[in-house]
Amino acid sequence: MLKPAAIIGQVILYGAFAAFIGYFATSPKYHQVADDVALIKLSISHLGERECRKRTAEELAKMPPNMRAPLDCPRERSDIRLEVDLDGQPILQTVMHPTGLYKDGVSTIYKRFEVKAGSHRLAVRMNDNLVKPGFNFVKEERISLKPHQVMVIDFNPDQGGLFFR
Amino acid sequence: MSFHTTLRKGASSVFLRIEEGLDGPFGGADNPLRHLGALGLYLLWIIVGSGLYLYTVLDTGIDAVYSSIAYLSLEQWYLGGVLRSLHRYASDGFMLVMTLHLIREWCYGRYHGFRLYSWMTGVPLLWLAYISGIGGYWIVWDQLAQVSATATAELLDWLPIFSEPSARNFLTPDSISDRFFTMLVFIHIGVPLLLILGLWAHVHRISHVDYLPTRRVMLATLLALIVLSLLQPALSNPPANLAVIPGELDFDWFILFIHPLTDLTSPAIVWLLLFALTALLVALPLLPHPPPEPVAVVDAANCTGCDRCLADCPYAAISMQPHPLRPGFKLAVVDSDLCAACGICAGSCPSSTPFRRRETLVTGIDMPQQPVHALREQLEQTLTGLSGPRRVVVFACARGADASGLAAADTVVMPLLCAGMLPPSFVEYALRGGADGVLLNTCRPGGCDFRLGDRWTRERLAGEREPHLRRTVPAARLQLSAAAAGDESTLSAALDDLRTRLDNEALAGEPLPPYLRRASNHA
């Protein structure tokens, strides 16, 4: 039979156990970003271009009829150069490498930028074939971000290349 | 002494003091700190039970999952709401208890030798428990789930395991489909199933496993969690919206602490910490530690194949095989990798009785470092040297309170590998050999370094377990105490109690008949 003091002690200790769990199960509250901050997520997954060579008629004639592809394309994909400017200041300049042992996979990037909410000038430039100079995809726009808003920079060749959403 | 040993011993001292402090209100059997493994398993069953109900009522659609859980918490608060809260708080409790269990076993140096298997199988369970916990938060698909899912994906993307960033799955609200939730539910069931399988392996090499704590602990724990569930029900945050970063959130620091840690540092540092901690836990047994004690040895000629050592061994180190010399009989066989060298088997062996007349007492299973024969020799020699009106023999577990200070002209102290290695017949042998009383000190209930030594000793002396102490031994001449290391005052007080009792004239008039081994007929 438990003594009254032991019962009281157990009640206090089980109560402390429950209180400890109850408190740290919800508190202290977590604030991932400040109230006046918005988020720009840059997420691109794209296959770099390949430098293909047109086969000559002699070459094609030597090949089996079912394998006479007019272009000779290497397996490797080009690196992709990417630059992002915010309000005229570069915030990212990188080169994305193709994945895979033979460098024939997609080049990917995922970055997040915390920026002050408000109006900004955002410019994104991308070159998916580094044999050629410059950038073959460019998107520049004035954006307006509300506090805690998430804006995504993505790329889809079917939607015209770079786009913001 | 290395830094690790100093740290471990310091932590062990603190843990032991807290543990002993809780013995006051709880007692050894109900002390949660002494039964953290069993308490963890109990919390897991609460999680499983409440989870089964939640699984049956959960709708696995983007909007439906949130509304079906909200319905439970708000409309069906008396059942679904309480069960949801129990599910969450028991999960938090499980994490807490699991961490304390890990710290306790490390403190007490229980990670090498015969405990290596349990230690190593416990390490992956930490990962499985946290994966299960984090996955559970995603199912609700509220803002907390959004933060956790996105942060976890970003953390995983730091590792070179995905060809495309998994965080791309959480870019925009239309990135998530109903199929994601179906997959999530399967993961949240599959990983806990792996956890349960891992737990089975974790306790596989010990016997008499405490799968559950005592009924009182179970009821009190459940009651505490139910009260918490009613006072502070687990509720969802606002629904997830991947187009917006959630603001201030109620946050579960037991399970989701890894996300703020990542925000505060970087994915690289978090992975480094996680892998370093795991590697450290795996490497701990490789650190220098005391050499293993000699293991139990079976004497085939004296082993009767009675199974008692098999029944009492705390670590399933004994198996019974056909006796090579006696057809139809069995023989105990010791697995040296599992043997803890506690001697509990020697205490359980009926051949260990000191009343046998043989000059050399060879028992069925014995400890080379403290054979039963040597124990009898020591007892016989010291008994002849005792003087005074109240001659007392103190049998003391060497891992419990230091009894050496009790030695006196009328008191002899005999340290034991573990109290459980003392055959109960030694108590009667001491009394019939000239002692007026016997004090037997065990570790505190539930605090035995070899798990079951104190329990088997109490049960044997109470006649509840074989081999038992004969009823003809007056209970008043035997004092059982439970004093852990550092608790010498309790041991001393127990001896004073025994001496006071022995002063009783009526008791003094009931001595046991003396026994002269060399003149007896025992084999």
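Line by line, the protein sequences give chains A and B.
Mapped onto the numbering used here, the consecutive letters of the first sequence carry residue numbers 421 to 585.
Mapped onto the numbering used here, the consecutive letters of the second sequence carry residue numbers 681 to 1203.
Glycine included, each C-beta is placed from N, C-alpha and C at the ideal position.
### Message
Is Gln1050/B close to the ligand FAD? I mean its beta-carbon at under 7 Å from any heavy atom of the ligand.
### Response
Absence of the ligand FAD is noted for the structure shown, with no ligands found whatsoever.
### CB-CB length for Tyr450/A against Leu929/B, believed under 8 Å
Here residue 450/A is taken as the residue at index 30 of the first sequence, counted from 1. Here residue 929/B is taken as the residue at index 249 of the second sequence, counted from 1. At roughly 5 Å, the Cβ-Cβ gap stays under 8 Å, so Tyr450/A and Leu929/B are in contact.
### Task
Check each residue of the region 897-927 of chain B: if its Cβ is closer than 8 Å to any Cβ of chain A, include it; give the result in chain order.
Ala900, Thr901, Leu903, Ala904, Leu905, Val907, Leu908, Leu911, Gln912, Ala914, Leu922, Ala923, Val924, Ile925, Pro926 and Gly927
### Query
According to the neighbour-count rule (16 or more other Cβ atoms, all chains shown, within 10 Å of its Cβ), is Met775/B buried or exposed?
As a position in the second sequence, residue 775/B is number 95, starting the count at 1. Buried is the call here.
### Query
Do we get a CB-CB distance below 8 Å when we pair Ile441/A with the residues of chain B?
Within the first sequence, residue 441/A is the residue found at index 21, counting from 1. Chain B, which has a Cβ nearer than 8 Å to the Cβ of Ile441/A, makes this yes.
### Query
Residues in its own chain within less than 7 Å of Lys536/A by CB, not counting five upstream and five downstream?
Working through the first sequence from its first residue, we reach residue 536/A at position 116. So the qualifying residues of the chain are Asp456 and Val457.
#### Entry: Member of Ser1169/B, Leu1018/B, Ala991/B and Cys1029/B whose CA lies at the smallest distance from the CA of Asn982/B
Within the second sequence, numbered from 1, the residue matching residue 982/B stands at position 302. Per the Cα distances, Cys1029/B.
### Reference Leu724/B, options Leu713/B, Gly708/B and Tyr769/B, closest by Cα
Numbered from its first residue, the second sequence carries residue 724/B at position 44. Nearest of Leu713/B, Gly708/B and Tyr769/B to Leu724/B, Cα basis: Tyr769/B.
### Per-residue DSSP class, three states only, for Leu960/B
Numbered from 1 along the second sequence, position 280 holds the residue referred to as residue 960/B. Leu960/B: helix per DSSP, three-state reduction.
### Query
Can you tell me where the beta strand (DSSP E) with Glu503/A in it begins and where it stops?
Within the first sequence, numbered from 1, the residue matching residue 503/A stands at position 83. Where Glu503/A is concerned, the enclosing beta strand (DSSP E) stretches over Ile500 to Leu506.
### Task
Please list the residues of the region 1114-1125 of chain B that have a C-beta atom closer than 8 Å to any C-beta atom in chain A, keeping them in chain order.
none
#### Entry: Buried versus exposed call for Cys472/A [16 or more other C-beta atoms within 10 Å across all chains shown]
Indexing the first sequence from 1 puts residue 472/A at position 52. Classification for Cys472/A: exposed.
### Task
Consult DSSP for His882/B and reduce its assignment to one of helix, strand or coil.
For this step, residue 882/B is matched to residue 202 along the second sequence. In the structure shown, His882/B sits in a helix (DSSP, three-state: H, G or I).
### Query
Taking buried to mean at least 16 other C-beta atoms within 10 Å of its own C-beta, is Ser527/A buried or exposed?
Your numbering for residue 527/A matches position 107 in the first sequence. Ser527/A is buried by the Cβ-count criterion.
### Message
Can you give me the C-alpha to C-alpha distance between Arg470/A and Leu961/B, rounded to a whole angstrom?
### Response
As a first step, residue 470/A must be located in the first sequence, where it is residue number 50. As a first step, residue 961/B must be located in the second sequence, where it is residue number 281. Taking the straight line from one Cα to the other gives about 48 Å.
### Task
Taking Arg1197/B as the reference, give the member of Tyr735/B, Thr1033/B and Gln1049/B with the closest Cα.
Numbered from its first residue, the second sequence carries residue 1197/B at position 517. Nearest C-alpha to Arg1197/B: Thr1033/B.
### Query
For the putative contact between Leu734/B and His767/B, defined by C-beta atoms under 8 Å, what is the C-beta separation to the nearest angstrom?
As a first step, residue 734/B is located in the second sequence; it is residue number 54 there, counting from the start. As a first step, residue 767/B is located in the second sequence; it is residue number 87 there, counting from the start. With a Cβ gap of about 6 Å, Leu734/B and His767/B count as contacting.
### Query
Quick one: is Ala709/B near chain A, going by C-beta distance under 8 Å?
Locating residue 709/B in the second sequence gives position 29, where the first residue counts as 1. So, not an interface residue.
### Message
Please state whether the Cβ-Cβ distance between Val386/A and Val453/A is less than 8 Å.
### Response
Lying before the first or after the last residue shown, residue 386/A is absent from chain A, which here runs from 421 to 585.
### Query
Nearest CA to the CA of Lys566/A: which residue from Ala914/B, Val924/B and Gln756/B?
In the first sequence, counting from the first residue as 1, residue 566/A sits at position 146. Answer by Cα proximity: Val924/B.
### Query
Which residues, in order along the region 824-849 of chain B, keep a beta-carbon less than 7 Å from a beta-carbon of chain A?
Val827, Asp837, Ser843, Glu844, Pro845, Ala847 and Arg848
### Query
At a Cβ threshold of 8 Å, is Ser539/A touching chain B?
The residue labelled residue 539/A in the question sits at position 119 within the first sequence. No, Ser539/A does not count as interfacial toward chain B.
### Query
Residues of chain A with CB under 9 Å from Trp725/B, in chain order?
Against the second sequence, residue 725/B aligns to sequence position 45. Neighbours of Trp725/B on chain A: none; closest Cβ ~17 Å, over 9 Å.
#### Entry: Cys1077/B (DSSP reduced to helix, strand or coil)
Within the second sequence, the letter at position 397 stands for residue 1077/B. Three-state result, Cys1077/B: strand.
### Query
From the beta carbon of Val504/A, is the nearest beta carbon of chain B less than 8 Å away?
Here the question's residue 504/A lines up with position 84 in the first sequence. No, its Cβ sits nowhere closer than 8 Å to a Cβ of chain B.
### Message
Does the CB of Thr852/B have a neighbour CB from chain A at under 8 Å?
### Response
Numbered from its first residue, the second sequence carries residue 852/B at position 172. Chain A, which has a Cβ nearer than 8 Å to the Cβ of Thr852/B, makes this yes.
### Message
Less than 6 Å between C-beta atoms, sequence neighbours within five positions excluded: which residues of the same chain meet that for Tyr797/B?
### Response
To locate residue 797/B, count along the second sequence from 1; it is residue 117. Arg885.
### 7 Å Cβ cut-off: residues of chain A touching Lys929/B
As a working note, residue 929/B is residue 249 in the second sequence. Looking at the sequence provided, one finds Leu at residue 929/B rather than Lys. Under the 7 Å cutoff, chain A gives Lys449 and Tyr450.
### Query
Going along chain A in order, which residues have a C-beta closer than 8 Å to the C-beta of Asp772/B?
Position 92 of the second sequence, counted from the start, is the residue given in the question as residue 772/B. Per Cβ cutoff of 8 Å: Ile441, Phe444 and Ala445.
### Query
Out of curiosity, what's the CA-to-CA distance linking Leu966/B and Tyr791/B?
Position 286 of the second sequence holds residue 966/B. Position 111 of the second sequence holds residue 791/B. Roughly 10 Å between the two C-alpha positions.
### Query
Of all Cβ atoms in chain B, is any one closer than 8 Å to the Cβ of Arg470/A?
Sequence index remark: in the first sequence, residue 470/A carries index 50 (1-based). No, no contact with chain B.
### Task
Verify whether the separation of the beta carbon atoms of Asn1121/B and Val1074/B is less than 8 Å.
Here residue 1121/B refers to the residue found at position 441 of the second sequence. Here residue 1074/B refers to the residue found at position 394 of the second sequence. It is a contact, given that the beta carbons lie within the stated cut-off.
### Query
Which whole-angstrom value describes the C-beta separation of Leu719/B and Thr901/B, a residue pair presumed to lie in contact below a C-beta threshold of 8 Å?
As a working note, residue 719/B is residue 39 in the second sequence. As a working note, residue 901/B is residue 221 in the second sequence. Yes, Leu719/B and Thr901/B are in contact; Cβ-Cβ is about 7 Å, under 8 Å.
### Message
Let me make sure I understand the geometry here. Which of Val889/B, Leu908/B and Ser909/B has the alpha-carbon closest to that of Tyr995/B?
### Response
Mapped onto the second sequence, residue 995/B falls at position 315. Comparing Cα-Cα distances from Tyr995/B to each of Val889/B, Leu908/B and Ser909/B, the minimum goes to Val889/B.
### Query
If we count Cβ pairs, one from each stretch, closer than 8 Å, do we get three or more for the region 930-942 of chain B versus the region 823-840 of chain B?
yes
### Task
Report all residues from its chain with a CB closer than 7 Å to the CB of Trp818/B; omit the five preceding and five following residues, and keep chain order.
Start at 1 with the first residue of the second sequence, and residue 818/B comes out as number 138. Excluding positions up to five away in sequence, the list reads Ala825, Ser828, Ala829 and Leu864.
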